[in-house]
Structures are given as structure tokens and as C-alpha cells.
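Quick note, the sequences are listed as chains A and B, same order.
Okay, so the first sequence: first residue is 1 according to the numbering used here, each after it adds one.
Okay, so the second sequence: first residue is 305 according to the numbering used here, each after it adds one.
Number of protein chains: 2
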Amino acid sequence: MSIVAVGSLAYDSIKTPFGERDRILGGSLTHFSNAAAFLSKPKLVGVVGEDFGPGEWDFLKRKSSAVDAVKVLNGEKSFFWKGYYTKDFDTAVTEVTELNAFAKFTPAVPDNYRAGDYILFLANIDPSMQLEVAKQCRNSKLIVLDTMNYWIKNTPASLDEAMKHVDGVIINEGEAELLSGGEKNMIRAAEKLFLPNFKILILKKGSHGVMIFGRDFLVTLPAFPVREVVDPTGAGDSFAGAFVSYIDSNGLYDFDRDGIKRAAAYATVVASFSVQGFGVEGIDNISPRDVDQRMKEFQSVASF
Amino acid sequence: MSIVAVGSLAYDSIKTPFGERDRILGGSLTHFSNAAAFLSKPKLVGVVGEDFGPGEWDFLKRKSSAVDAVKVLNGEKSFFWKGYYTKDFDTAVTEVTELNAFAKFTPAVPDNYRAGDYILFLANIDPSMQLEVAKQCRNSKLIVLDTMNYWIKNTPASLDEAMKHVDGVIINEGEAELLSGGEKNMIRAAEKLFLPNFKILILKKGSHGVMIFGRDFLVTLPAFPVREVVDPTGAGDSFAGAFVSYIDSNGLYDFDRDGIKRAAAYATVVASFSVQGFGVEGIDNISPRDVDQRMKEFQSVASF
Chain A
1 MSIVAVGSLA
11 YDSIKTPFGE
21 RDRILGGSLT
31 HFSNAAAFLS
41 KPKLVGVVGE
51 DFGPGEWDFL
61 KRKSSAVDAV
71 KVLNGEKSFF
81 WKGYYTKDFD
91 TAVTEVTELN
101 AFAKFTPAVP
111 DNYRAGDYIL
121 FLANIDPSMQ
131 LEVAKQCRNS
141 KLIVLDTMNY
151 WIKNTPASLD
161 EAMKHVDGVI
171 INEGEAELLS
181 GGEKNMIRAA
191 EKLFLPNFKI
201 LILKKGSHGV
211 MIFGRDFLVT
221 LPAFPVREVV
231 DPTGAGDSFA
241 GAFVSYIDSN
251 GLYDFDRDGI
261 KRAAAYATVV
271 ASFSVQGFGV
281 EGIDNISPRD
291 VDQRMKEFQS
301 VASF
Chain B
305 MSIVAVGSLA
315 YDSIKTPFGE
325 RDRILGGSLT
335 HFSNAAAFLS
345 KPKLVGVVGE
355 DFGPGEWDFL
365 KRKSSAVDAV
375 KVLNGEKSFF
385 WKGYYTKDFD
395 TAVTEVTELN
405 AFAKFTPAVP
415 DNYRAGDYIL
425 FLANIDPSMQ
435 LEVAKQCRNS
445 KLIVLDTMNY
455 WIKNTPASLD
465 EAMKHVDGVI
475 INEGEAELLS
485 GGEKNMIRAA
495 EKLFLPNFKI
505 LILKKGSHGV
515 MIFGRDFLVT
525 LPAFPVREVV
535 DPTGAGDSFA
545 GAFVSYIDSN
555 GLYDFDRDGI
565 KRAAAYATVV
575 ASFSVQGFGV
585 EGIDNISPRD
595 VDQRMKEFQS
605 VASF
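The structure is reproduced here in C-alpha cells:
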């Protein structure tokens, strides 16, 4: 089995109460792959500029099983984001967004990516692109889509259309509220969001954990408590990467409750490492053994 | 074993997005006893006015094992609170607070309450009164204290003194932040709040669950997801009542992690019923069998 993932590759300049970093590797596809790689290295679809360095390429190659569809656009720079977090890490304030190469992104999934059974992950990009890729991947086993407030507000029709072509959606609480027309109770928000072809809705609640809605079940888990949050950038993408890789490597394509619960616990643990370092460091610096150990710890604090 | 509980008895007029009720039975001691009664009916210490009706007395007698120390003040009315909740239930807005009899409360714990092993629960009242009662109950097995923002802001010295005499404190996230001098990370807030004689700190997070800090362990659980929240009044007191009754009836005076985790799961379930009806109804209308059934459901959605 395998994963095909489409998303952004970027340079991030980040300032948090813990410190700051200039032009470190970021982007939804980067964080997704970083977390997925322990169990299932994805095949990547993305775009970068000529400034994308050898260290960055090395990283992507380590975390993926194919980079054939990561295009370099001549004369362009890579996507750049600059921002900071307030003291409580509740809000990320964007100072600079330069789409650069990403503005000209026309994702194309190569034939060799689409051989055999695979899950398609559509990270947070323009929903019209997500739809385009979903159509290219009609033979995929499952499609999971991530999105954000920007698209919900600005391109609702196109997002709605994309969501009709996927099996699972992963969003956060605020996005669920917005998408459901102001529903603050997550159970009722989920009921409103379920479309006929939907199988699963993953609601990330940041430091408050995650709720997952299946057709006939519900899973709710707290976050793994972290004492020192260094940088929350990419925590949601890391959760998605770990979650999808667990589904893929355990063949949980039917989304049964117990399997989903284990996948959610695993993803909670992996995502908890991501906030403990800047950019990809939190996860890149740990071993599968660290993950196993924290899984046991998570069980002891949260399973009863 | 038994529980001695001190707190407020009140009439509440409550308006929520779901409806409204005028002068229904409320108060921290009421909600605490309502939830504790399934496992361990507490002995009550409180004060009411002459207007306290026969229906209210019947309720207190059903939910307690002694009301000898609930005093009726002649010529006084009972504590009265009027308020409403905004659409998202995030904030309770107080319209009227009439302390009435409660302003003249001088709690006295009778000798017969203090026979044998017992846990003393100090519901949210003036910390100088809590300290006074704690001193009257030096022979108690354990003392657990609840408090709120009002006392943290207005009588910090007296609260600090009261907290030095207790084994456990139960507060919510916002109160922990305030009490720790602005610490938003709950692990660090807990570290700051731990006093030498403290054994346990219970941090309620409302719809986001609960975190419990012991000397050498941590427990974190999500809330039980409720689709129809009718009235959140008393949910925190209900959690406390169910939690303390579980500790008492299972003899968990040593606060071991597994016992605390089970107590927290049990209290989460009982508190989830409390928000499904106005005032005491949510819990008063259910049977131990309903609690057992929801415990199994909670396990299936949140234990992994």
C-alpha cells in the first residue's frame, strides 16, 4: 500500500515565545511527510523554486518514496511564509505570504504514483486544485482532504465540490464551525457536514485533542500534554501524516472504530513531538522507539 | 466512610439558549450532593432562608445522609442567583446576586459528622470560611477545596492560607491561569500551584475535559460528548461530587494513578448528564444503570 500526497513546500520564518528561526523548511506537504515517514513514506506532488536547497531536497527524499512530481519552476522562488505566535500560542499572526512558485502550481500525478492501492492525501491548497487531483486519482482507495478558513470563506462552492469527491475531511474546530454555518457544538457541526459519500470527519482541537466522526461512531481523545511548546507550526499536518500513515500501514480502509481510535492515539503522540521543536525538528530528531515509549505514556495518562 | 460537604444552597433563575427556569434549586452544595449521592450521600453543612420550601428539603434529604447542619435563618431569604448563558455556553452572565442568608453563614460542623473516617469537601465559598471549617475537621481523612476567580482576585492571602490546609484543589483552567500568575500551559500552572502538602490538583476544562495532577502522575481525559447542552450550571460541582464520592466509596485515599483515572472517568460521565437538564434535573432523572451504560459508551469512544 502507499500514500500519494499533494501540498505545499515552503520556507518559513517563525517567531515564537521560545525563539525564532529564519527560512526553515516548512509547508503542509513537508510536515505531512515528516510525520508519515515512520510508517509509510508518501509519494510527493508539489512545487518549489530555484532557491530550494540541497539540504531541503535531502530531507524530502528521506521522508518520501518518490519526489518525481515535485517540480522546480525556473526563475521562481519557493513559497515563503513569515509569522509569529502570541504568548499563548493560540493565534498565528501572518506577516508575509509570498506564494511565488506555488501561485503557478498545476499538480499532476504521474502514472507510476497511481499503480496499486494507495491513499490520496490532499493537503491544504486551493480546492479547485484538490478537485483536479482527486479526478486524476479516481483509482485511489481513499481520498482525505485538509482545508482552511481562507478557502471556506473565499471559495465555498469550489470547496463544496471538492468535498463531494473525498472519503475523509480533516479540519479544526474553528473551521468546522465556519463550514457548518456557525455551529459551536461539534457533534451538531459534524452532522451538518456529513455528505453522502463521506466516511470520516477528523476534527482537530489543538491542545484540546481530537474528535473523529465516523458513519456510526465517535472517537474523542485529549492531546498528549506537552510542557514546553516551542513551535506549533505544522502540528495539524503532522497529525494528518501520522494518521493517514497508520491507516495505510494497517490497512484500515474500512474505518472501523477501534482502528480509528488507535490511529488517532498514534497521530496524537506523533503530533505532540512536532510542537517540541522548530519546523520539522521536533519529529525529525526522534526515533520509532521514542514514539513507542510515548504511546505507552499516553495510554497510562489517558486510557482507562 | 463518608463525606462532609460545606457549600451554598440557592435559588437560581437561569436562561439558556434552550429555555428558562425561575427560582429552581441550585448552589454548589446542591449540585455536589446530587452527583455524589449515587455512591456516597454526604453530610451537609449550609444555610438557607425561611423561603426554603418543602420540595427543596425533600431533595436535600434524598441526596444526603444528614442535614442537621443546614441552618434556617429567621427573617432571611435564601441565596438567589439570576443569570443567562450566551449562545455557545462559554460565558455565564450574572444579572442578580442576592447573598441573603448566605451573607450571615458561619459554618459549624457538628460532632456527629466528624465521627469515623471522612472526606471534607469545601465547595466554593469565602476561603476564610473554608479555612475555619478545615480547622474544625482536623481529624478528616482528606480535604478537597473548590474556589473561583472572585476569591483568587479579592482575597488571595486568605485563599492561600486555606489552600495550605487541604490535600486537593479543584479549579478550572481559567482559575489555574489566574492563580499561577498568568500561566497558560496547564502543566506549568500545576507546577507553580503545588504546595508542600498538596496531593492532587484537579483542573476542569469544561467541554474540553479534565486534567488531574498528582505528585508523580498526570491524568488527562476528554469530556463525554453531549449533543444537546441544556444548562451547564453546576456541571463543575457535579464533577466534584461524583469524583469525591468515587474516591470515598472505593477508599482511594492514597490517590494512586489508576484509581484517580477511574474516578475522573466516572465523574466525567456523571457531569455529562448534569448539562442535559436544567438545574438538578439532568442527574436527578437518571438511574445508576444509566451511569453504567454511559461509562461503557465513554470507554468505547475515549479509551484505547
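Where is the CB? At the ideal position from N, CA and C, for every residue including glycine.
Please determine, among the options, the residue with the shortest C-alpha to C-alpha distance to residue i.
i: residue 199 of chain A; options: A:174, A:166 and A:49; result: A:166
i: residue 459 of chain B; options: B:433, B:406 and B:474; result: B:433
i: residue 298 of chain A; options: A:47, A:67 and A:224; result: A:224
i: residue 442 of chain B; options: B:466, B:461 and B:361; result: B:466
i: residue 309 of chain B; options: B:328, B:340, B:315 and B:329; result: B:340
i: residue 517 of chain B; options: B:543, B:541, B:485 and B:568; result: B:568
i: residue 63 of chain A; options: A:262, A:140, A:238 and A:230; result: A:238
i: residue 430 of chain B; options: B:419, B:424, B:444 and B:453; result: B:453
i: residue 507 of chain B; options: B:499, B:475 and B:533; result: B:475
i: residue 326 of chain B; options: B:362, B:385 and B:332; result: B:385
i: residue 305 of chain B; options: B:424, B:403, B:372 and B:362; result: B:424
i: residue 350 of chain B; options: B:314, B:447, B:363 and B:544; result: B:314
i: residue 414 of chain B; options: B:402, B:556 and B:372; result: B:372
i: residue 489 of chain B; options: A:114, A:227 and A:116; result: A:227
i: residue 300 of chain A; options: B:577, B:398, B:426 and B:563; result: B:563
i: residue 455 of chain B; options: B:448, B:499, B:428 and B:591; result: B:428
i: residue 253 of chain A; options: A:176, A:140, A:216 and A:98; result: A:140
i: residue 606 of chain B; options: B:420, B:370, B:512 and B:480; result: B:512
For residue i and residue j, what's the separation of their Cα atoms in angstroms?
i: residue 178 of chain A; j: residue 393 of chain B; result: 17 Å
i: residue 32 of chain A; j: residue 242 of chain A; result: 7 Å
i: residue 571 of chain B; j: residue 169 of chain A; result: 32 Å
i: residue 539 of chain B; j: residue 103 of chain A; result: 50 Å
i: residue 34 of chain A; j: residue 584 of chain B; result: 50 Å
i: residue 108 of chain A; j: residue 492 of chain B; result: 47 Å
i: residue 174 of chain A; j: residue 365 of chain B; result: 45 Å
i: residue 334 of chain B; j: residue 180 of chain A; result: 37 Å
i: residue 514 of chain B; j: residue 525 of chain B; result: 5 Å
i: residue 396 of chain B; j: residue 311 of chain B; result: 20 Å
i: residue 256 of chain A; j: residue 96 of chain A; result: 42 Å
i: residue 291 of chain A; j: residue 375 of chain B; result: 57 Å
i: residue 332 of chain B; j: residue 462 of chain B; result: 20 Å
i: residue 206 of chain A; j: residue 494 of chain B; result: 20 Å
i: residue 3 of chain A; j: residue 118 of chain A; result: 5 Å
i: residue 361 of chain A; j: residue 13 of chain A; result: Because residue 361 of chain A is not part of the residues shown, which for chain A are 1 to 304, the question remains open.
i: residue 276 of chain A; j: residue 49 of chain A; result: 29 Å
i: residue 450 of chain B; j: residue 142 of chain A; result: 49 Å
i: residue 229 of chain A; j: residue 272 of chain A; result: 9 Å
i: residue 440 of chain B; j: residue 501 of chain B; result: 18 Å
i: residue 486 of chain B; j: residue 131 of chain A; result: 45 Å
i: residue 418 of chain B; j: residue 582 of chain B; result: 33 Å
i: residue 398 of chain B; j: residue 261 of chain A; result: 40 Å
i: residue 362 of chain B; j: residue 232 of chain A; result: 53 Å
i: residue 587 of chain B; j: residue 574 of chain B; result: 7 Å
i: residue 438 of chain B; j: residue 468 of chain B; result: 10 Å
i: residue 593 of chain B; j: residue 369 of chain B; result: 22 Å
i: residue 522 of chain B; j: residue 505 of chain B; result: 10 Å
i: residue 195 of chain A; j: residue 122 of chain A; result: 18 Å
List, in chain order, every chain A residue whose beta-carbon is nearer than 8 Å to that of residue i.
i: residue 523 of chain B; result: 301 and 302
i: residue 533 of chain B; result: 185
i: residue 513 of chain B; result: 208, 209 and 222
i: residue 529 of chain B; result: 186, 187, 211, 218 and 220
Run down chain A in chain order and give the residues with a C-beta less than 7 Å from the C-beta of residue i.
i: residue 569 of chain B; result: 304
Anything in chain B within Cβ reach of residue i, meaning under 7 Å, just list it in chain order.
i: residue 31 of chain A; result: Correct list: empty, because the minimum Cβ distance to chain B is about 22 Å.
Is residue i close to the ligand GDP? I mean its beta-carbon at under 7 Å from any heavy atom of the ligand.
i: residue 571 of chain B; result: This structure lacks the ligand GDP, and indeed carries no ligand of any kind.
Task: Proximal residues, the segment 482-504 of chain B versus chain A, C-beta separation under 8 Å - done: Listed in sequence order: 488, 489, 490, 491 and 492.
Open item on the list: Give me the subset of the segment 368-395 of chain B whose CB atoms are less than 9 Å from a CB atom of chain A, sorted by chain position.
Closed with: Answer set for the segment 368-395 of chain B: 391, 392, 393 and 394.
TODO: Would you check if the segment 314-323 of chain B and the segment 385-400 of chain B touch, i.e. whether three or more CB-CB distances between them fall below 8 Å?
DONE: A contact exists between the segment 385-400 of chain B and the segment 314-323 of chain B.
- [ ] Could you please tell me which residues of the segment 233-262 of chain A, in chain order, have their CB closer than 9 Å to any CB of chain B?
- [x] Flagged, chain order: 257, 258, 261 and 262.
Task: Inter-stretch contact (C-beta, 8 Å, three-pair minimum) for the segment 335-350 of chain B and the segment 539-554 of chain B - done: With the cut-off at 8 Å, the segment 335-350 of chain B and the segment 539-554 of chain B touch.
- [ ] Evaluate the contact criterion for the segment 71-79 of chain A versus the segment 93-107 of chain A: three or more CB pairs, one atom per stretch, below 8 Å.
- [x] Cβ pair count under 8 Å is three or more, so yes.
Open item on the list: I'd like to know if the segment 345-360 of chain B and the segment 285-301 of chain A are in contact, where contact means that at least 3 CB-CB pairs between them fall below 8 Å.
Closed with: Touching, no.
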